[in-house]
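Remarks on the structure that follows.
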Amino acid sequence: MKATLNSIGRIEMGRRKKGRDLSGWILVDKPAGMTSSAVVNKLRWLFNANKAGHGGTLDPDATGLLPIAFGETTKLLPFLDEAQKTYEFRVNWGAQTSSDDASGEVIASSDLRPRLSDIEAALPSFRGDILQTPPQVSAVKVDGQRAYDLAREGVVMDLKARSLFVAALDISAYTTDTLDLIMSCGKGGYVRSIARDLGAQLGCFGHVEYLRRLSCLGFHVDAASAFEDIVENRDENVILPVSKTPLIAQIDVTEDEAIDLGHGRVLERGIECNGECIALAMCGNLPIAVVACTNQTIEVRRGLHMSLENVIS
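This is the structure:
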């Protein structure tokens, strides 16, 4: 056991964790053929970080943005959980597969191909608040087991439909056999289900041929580095500081206020906002805590135990 002095002056006792007290974001352009967990584990090992997590699972065959949080940055993930994600994907008509993408077995087929006008007429029913049934091959838990594990054993499940908000679903390209779409949606969306259900509604069947995530947690794939380049270069300059987190406002606090927050005291001052808003409290360059702010008060929701020596600037 060791005693440590955290960023807001509190002594903490705890077991020494393996790895460095490294905090920040790495924006990865995930390659096809890797699970999200494999990417996280590789980069955690590569940079010897004591803790790591990611901002939303991508299918193994999917590419695109995978934000990875190191150390104390993982504590911000729950506050970004409702952030919209944007995907571009291609639907291949004429076949439904067991996984709703190209990796599965064909379970139904059709020679019918939809007209562009029919597709345009069908798309509005997939926008806004919709109900969506997850694919059989998904991470949904069924009686304590992952659906994809049961699916591999040949079990066919009656998965419950879940609510999803689709902010945008627009055509980017069309051919007789394929349709390219860009979709922005909330938490828990399955692109493969959109392709499956759209194909079913049009009577021609469909599955995802190609999937790429463009944005997530307020980050964009244009700012991401290729996974292969990160592994080859091992350059820590790709790690963004906690203070660069999008979608979370920042407020400045004094050293005395930082100590008060560290002791669980509510600051009797607020910021201009409607109702309650979440912010990152900063004491100089040091992130102190995720706080809930009103017009009258500032209160800790999650403390960040960082020291200036470990802050990436």
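Using the numbering used here, read the sequence shown as starting at 156 and increasing by one per residue.
We put the beta carbon where it would ideally sit given N, CA and C, even for glycine.
The ligand PLP and Ser264: does any heavy atom of the ligand fall closer than 7 Å to the residue's C-beta? Summarising the ligand content, the structure contains no ligands, and the ligand PLP is consequently not present.
Burial state of Cys448, where buried means 16 or more other Cβ atoms lie within 10 Å: Locating residue 448 in the sequence shown gives position 293, where the first residue counts as 1. Cys448 is buried by the Cβ-count criterion.
Can Cys371 and Lys185 be called in contact, C-beta distance under 8 Å? The count along the sequence shown starts at 1 and reaches residue 371 at position 216. The count along the sequence shown starts at 1 and reaches residue 185 at position 30. No, the Cβ-Cβ distance between Cys371 and Lys185 is not below 8 Å.
Taking Val416 as part of the alpha helix (DSSP H), name the residues at either end of that continuous run. Residue numbering aside, residue 416 sits at position 261 when the sequence shown is read from its first letter. Before going on, a small fix: residue 416 reads as Leu here, not Val. Counting along the chain, Leu416 sits inside the alpha helix (DSSP H) bounded by residues 410–417.
Just mark Thr218 as buried or exposed, buried being the case when its beta carbon has 16 or more other beta carbons within 10 Å. Here residue 218 corresponds to residue number 63 of the sequence shown, with the count starting at 1. The residue in question, Thr218, is buried, as its Cβ has 16 or more Cβ neighbours within 10 Å.
C-alpha gap between Ala328 and Val363, whole angstroms: The residue labelled residue 328 in the question sits at position 173 within the sequence shown. The residue labelled residue 363 in the question sits at position 208 within the sequence shown. Cα-Cα distance, rounded: 14 Å.
Is the Cβ-Cβ distance between Leu324 and Leu357 less than 8 Å? Counting from 1 along the sequence shown, the entry for residue 324 is found at position 169. Counting from 1 along the sequence shown, the entry for residue 357 is found at position 202. Contact: no.
For the alpha helix (DSSP H) that contains Gly354, what are its first and last residues? By 1-based counting over the sequence shown, the position of residue 354 is 199. Going by DSSP, Gly354 is part of the alpha helix (DSSP H) stretching over 346–357.
In angstroms, rounded to a whole number, what distance separates the CA positions of Ser348 and Thr252? Along the sequence shown, read from residue 1 onward, the residue named residue 348 stands at position 193. Along the sequence shown, read from residue 1 onward, the residue named residue 252 stands at position 97. Rounded to the nearest angstrom, the gap between the Cα atoms of Ser348 and Thr252 is 11 Å.
Quick one: Cα of Phe360 to Cα of Asp313, how far? In the sequence shown, residue 360 corresponds to position 205, counting from 1. In the sequence shown, residue 313 corresponds to position 158, counting from 1. Each residue's CA atom was taken as its position, placing Phe360 and Asp313 some 20 Å apart.
Going along the chain, which residues of its own chain have a beta-carbon closer than 7 Å to the beta-carbon of Ser318, five neighbours each way excluded? Counting from one through the sequence shown, the residue named residue 318 turns up at place 163. Contacts found: Asp284, Leu286.
Can you round the beta-carbon distance between Thr452 and Gly425 to whole angstroms, since I take them to be within the 8 Å contact cut? Here residue 452 corresponds to residue number 297 of the sequence shown, with the count starting at 1. Here residue 425 corresponds to residue number 270 of the sequence shown, with the count starting at 1. Correct: roughly 5 Å between the Cβ atoms.
C-beta atoms of Thr229 and Val397 nearer than 8 Å: Position 74 of the sequence shown, counting from 1, holds the residue named residue 229. Position 242 of the sequence shown, counting from 1, holds the residue named residue 397. No, the Cβ-Cβ distance between Thr229 and Val397 is not below 8 Å.
Taking 8 Å as the CB-CB limit, is Arg456 close to chain C? In the structure shown, chain C does not exist; there is a single protein chain.
May I have the straight-line CA-CA distance separating Ile504 from Leu177, to the nearest angstrom? Residue 504 lies beyond the residue range present for the chain, which begins at 156 and ends at 468; the question has no answer from this structure.
Taking only the alpha-carbon atoms, compute the straight-line gap between Asp415 and Ile433 and give it to the nearest angstrom. Counting from one through the sequence shown, the residue named residue 415 turns up at place 260. Counting from one through the sequence shown, the residue named residue 433 turns up at place 278. Across the structure, Asp415 and Ile433 are spaced so that their CA atoms are roughly 18 Å apart.
I'd like to check one pair, Glu237 with Gly341: are the Cβ atoms closer than 8 Å? What you label residue 341 is simply residue 186 of the sequence shown in a count that begins at 1. What you label residue 237 is simply residue 82 of the sequence shown in a count that begins at 1. Less than 8 Å separates the beta-carbon of Gly341 from that of Glu237.
Among residues of its own chain, excluding the 5 on either side of Ala187, which ones have a beta-carbon nearer than 6 Å to its beta-carbon? Within the sequence shown, the letter at position 32 stands for residue 187. Cβ within range, chain order: Asp216, Thr218.
Return the CA-CA distance between Asn246 and Asp377, expressed in angstroms with no decimal places. Within the sequence shown, residue 246 is the residue found at index 91, counting from 1. Within the sequence shown, residue 377 is the residue found at index 222, counting from 1. Residue 246 is actually Val in this sequence, not Asn. When rounded, the distance between both Cα atoms is 23 Å.
Going by beta carbon distance, what residues of the same chain come within less than 7 Å of Ser380, once the five residues before and after it are set aside? Here residue 380 is taken as the residue at index 225 of the sequence shown, counted from 1. Closer than 7 Å at the Cβ level, and outside the excluded window around Ser380, lie Leu182, Val183, Asp184, Val393.
Which of helix, strand or coil does DSSP assign to Thr212? Taking the sequence shown and counting its residues from 1, one reaches residue 212 at position 57. Secondary structure at Thr212: coil, using DSSP grouped into helix, strand and coil.
For Leu353, count neighbouring C-beta atoms within 10 Å of its own C-beta (all shown protein chains included) and say buried if the count is 16 or more, exposed if not. On the sequence shown, residue 353 is found 198 positions in, with the first residue counted as 1. Of the other Cβ atoms in all chains shown, 16 or more fall within 10 Å of the Cβ of Leu353; this residue is therefore buried.
Would a C-beta distance cut-off of 8 Å place Phe225 and Ala207 closer than the cut-off? For the purposes of this step, residue 225 is identified with residue 70 of the sequence shown, where counting begins at 1. For the purposes of this step, residue 207 is identified with residue 52 of the sequence shown, where counting begins at 1. Result yes, Cβ atoms of Phe225 and Ala207 sit closer than 8 Å.
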